[in-house]
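Report on the following structure.
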Amino acid sequence: MSIRNRLIILATLTVALCLGMVAGLLWMDQQRSSLFNHINTISRIQVQISTLRSQFRLHERYHDIESIHQGGETLKDLQLQLDQLQPTHNNEFTFLNSLKRSSDSVVALYAHMLRVHSSNLSKAEEEANHHYLLDRLDSSILSMSEDSFRLADHALQNSQEESEYKARLMQSMLIILAILISLSAFQTLRLFRIRLKELEQGIKQLSVGKMDYTIDVGRKDEISQLAQHFNQMTNRLKASTISVDQLQQEISKRTSELEQQKNSLRQIAEHDSLTGLANREAFLKSLNEVIIHCSTNKRRAAVFFIDLDKFKQINDSMGHSAGDAVLIEMAHRFTSTLRKSDSLARIGGDEFTVIIDPLYESKDAAELAKKLIASLEEPYEYEDQTLYLNTSIGIAVYPEDGTTPQELMKNADSAMYQAKKAGGNTFHFYNRLMNQDTLAKIQLESELRSAIQQDQLTVYYQPQFDLKTRKLVGVEALARWIHPEKGLIPPCTFIPLAEEKGLIHQVGSIILTKACQQMAQWNGEREAQIALAVNLSAKQLNTPELAGSISDILHTTGLNAQHLELEITESCVLSDPEDAIHKLEQLKALGIRLAMDDFGTGYSSLAYLKKLPLDKLKIDKSFVDGLEINPEDAAICQAVIALGHSLNLTVIAEGLEHEVQATILAEQGCDQAQGYFFAKPISAENFARCYFKKERKLKQEENI
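Heads up: the sequence shown at position 464 corresponds to 463 in the numbering used here, and the numbers run straight through without jumps.
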């Protein structure tokens, strides 16, 4: 074969390979674009999930239906992105399918939530369904977030592997090209030794990756043309190398951006959006790690459960924006007070928690609790209003008070409620008696619910007498619980529990119905009519349909409304005076008499007292007890009697135990009285036997 033909073949081969390289570069550019689109789609999916989680948090805080609709729109966009995403490797299919299943689950949960909002469920059922759906939604959205992270990680890993593979492919092609050219050059070495020596040198430089080397073309002959082609090839290879570097740089940039997004989503998932503190999930995770570390190193730690006193009043009176501002201020003050080794979190509402690690002595926890309480002493100024903040803190110590996060949290919470019972703005260490009290309280609540269903509640009656004539003028109906095993349970044990657990409406209705029914029977059998006094709690007074329900009871039992007297306390009125006055006027319109019970023991307001449609004032037992020996008590009784009479009210004293008390009160002008001096509360049967049978006997003797 001639030299010319050999050179022609060599040039043709080189050109063909160069064209192949150019085609390969174009193909790599296309693959790179596809790769970027794939990563961008995954990034948009993560943004949609982040938006959905933010909308869910808004709904979790404010329970508004608008955030549900917004979440639905976000879900539509998210599912569209999922449908457009085409996995590039088998390991991406699993997480994509999981994402689609989770999104379908979230769609169904949102639909269910909308149905709950639009249904006519009771408040309790709606609240139960709502909490259940919130838990399911939180779990599903968190699962979607985790799957999107894994999908993104696999996509990035696949893209890096793809880039490395293509780079190796390019290098292999360069080596093959160098080998082919070297073989062709060796065949013509004998004829063109001098000219080909430069070409050989160029190939050697190319084989070690030096793309800047060029060959002097020189004369215009076949070798020169080959050298020219070689120079063009090196220029293209150089351009190709730059493109690969740019691809690697772009991938690194996108990897960094996705890592930042991942950290941002993790921040949202583990931190409270309002204060920036760790949330419940992050707190429990940290507490579990502390417990493991303390268990290994035989160390102690403490958990604080912190609750802002009267936070609901701030929210209700000033709005949620004021409440949010207070919570942010609390977080700032607590953070400034705590040590760097301590962990502060907001787990919901106005509830904060702290992990004290390490804890060397219990007094250290006490000192830190004092500092946290003191940090709120300085008033907080909000929109030209001065707010005074107090907090209650419960403390549980590991391992004495619990060895699991849940146990420590529960016991610290129990201790916090003990601090609130003590008046608030203080701290309390947990002790095991609290658990016993809590269990006993739970048991008593269960038994009280059974008592309501099984008609174990009954009424005892304490007579009320005219102090001048000593004649029976009325009775006070008092709730009693006849337990089948424990016997008679006094009202001071179960009435506060009924109010706390929302059972007071049922208990009050039962007692009022039974008392009205009994009084209607007694008054129907006697000529002298007497009044029935029944206590009305603050929660009963706050019921919108109070007047209607009492009217129904009077109609059902047949008791004349003029014979019913409802007793209220000052605290019932002062919580919302205007509403209380409106409710009392409705009762007054029915013909019911109204009495102020325990007058003088609360924060009395004469301005509201004169507006109340009252018929009677009741002097509290605490003033009657020392009446005969304490001039101050006597003066208070005299003042209450004078005040009542000036307002045209009947005055009755409770808690009389001695004749001298009755004498003094009668001299002061008190109208009526009740107490152990006259009689203790007794059952309806005993009451009728003691008073009504005696009346009938006296009447029979008079007739004879």
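Backbone N, C-alpha and C fix where the C-beta goes; we use that ideal spot for every residue, glycine too.
Distance from the CA atom of I681 to the CA atom of V474, rounded to whole angstroms, is 11 Å. With 16 or more other CB atoms across the displayed protein chains lying within 10 angstroms of its CB, C669 is buried. With contacts defined as CB atoms closer than 7 Å, G393 and A364 fail to qualify as a contacting pair.
When the Cα atoms are used, S42 and R149 turn out to be separated by approximately 12 Å. Here E444 carries a helix assignment [DSSP, helix/strand/coil]. For E526, the three-state secondary structure derived from DSSP is coil. Taking 7 Å as the cut-off, the beta carbon of L563 is found closer than this to the beta carbon of L531.
One Cα belongs to G401, the other to H68, and the distance between them is close to 43 Å.
No Cβ-Cβ contact shorter than 7 Å links I488 with A497. Across the structure, G599 and G674 are spaced so that their CA atoms are roughly 18 Å apart.
For D597, the enclosing beta strand (DSSP E) covers residues 592-598.
Taken in chain order, the whole alpha helix (DSSP H) runs of length 4 or more contained in the stretch 542-582 are 545-556, 569-573. According to the DSSP assignment, T385 belongs to the beta strand (DSSP E) that extends over 384-386. Just measuring C-alpha positions, the residue of Q47, G71, L18 sitting nearest H58 is G71.
Taking 3 residues as the minimum length, the beta strand (DSSP E) runs contained wholly in the stretch 338-387 are 342-347, 350-358, 379-381, 384-386, in order along the chain. Here F622 carries a helix assignment [DSSP, helix/strand/coil]. In the structure shown, T334 adopts helical secondary structure according to DSSP, grouped into three states.
Counting the other Cβ atoms within 10 Å of the Cβ of G322 gives 16 or more, which makes it buried. Taking the Cα positions, I355 is about 11 Å away from C293. The residue from Q667, T93, L132 with its alpha-carbon nearest to that of L108 is L132. Annotation note: the stretch 443-531 contains the following uninterrupted alpha helix (DSSP H) runs of length 4 or greater, listed N- to C-terminal: 490-499, 503-524. Annotated as distal: Q585 and V623, with beta-carbon spacing of 7 Å or more. Here S391 is bridged, per DSSP, to D306.
By DSSP's assignment, E653 forms a beta bridge with Q673.
Here I628 carries a coil assignment [DSSP, helix/strand/coil].
V302 sits close to A395, with the two beta carbons spaced by under 7 Å.
Of R298, Q539, D82, the smallest CA-CA separation from G501 is found for Q539.
Annotated as proximal: T40 and L84, with beta-carbon spacing under 7 Å.
Excluding residues up to 5 positions away in sequence, H129 lie with their Cβ nearer than 8 Å to the Cβ of H62 in the same chain. Between V639 and I618, the C-beta gap is smaller than 7 Å, which places the two residues in contact.
Beta-bridge partners of N534 (DSSP): E566.
In the structure shown, Y429 adopts coil according to DSSP, grouped into three states. F333 places its beta carbon less than 7 Å from that of L371.
In this model, M595 and D632 are separated by some 19 Å (Cα to Cα).
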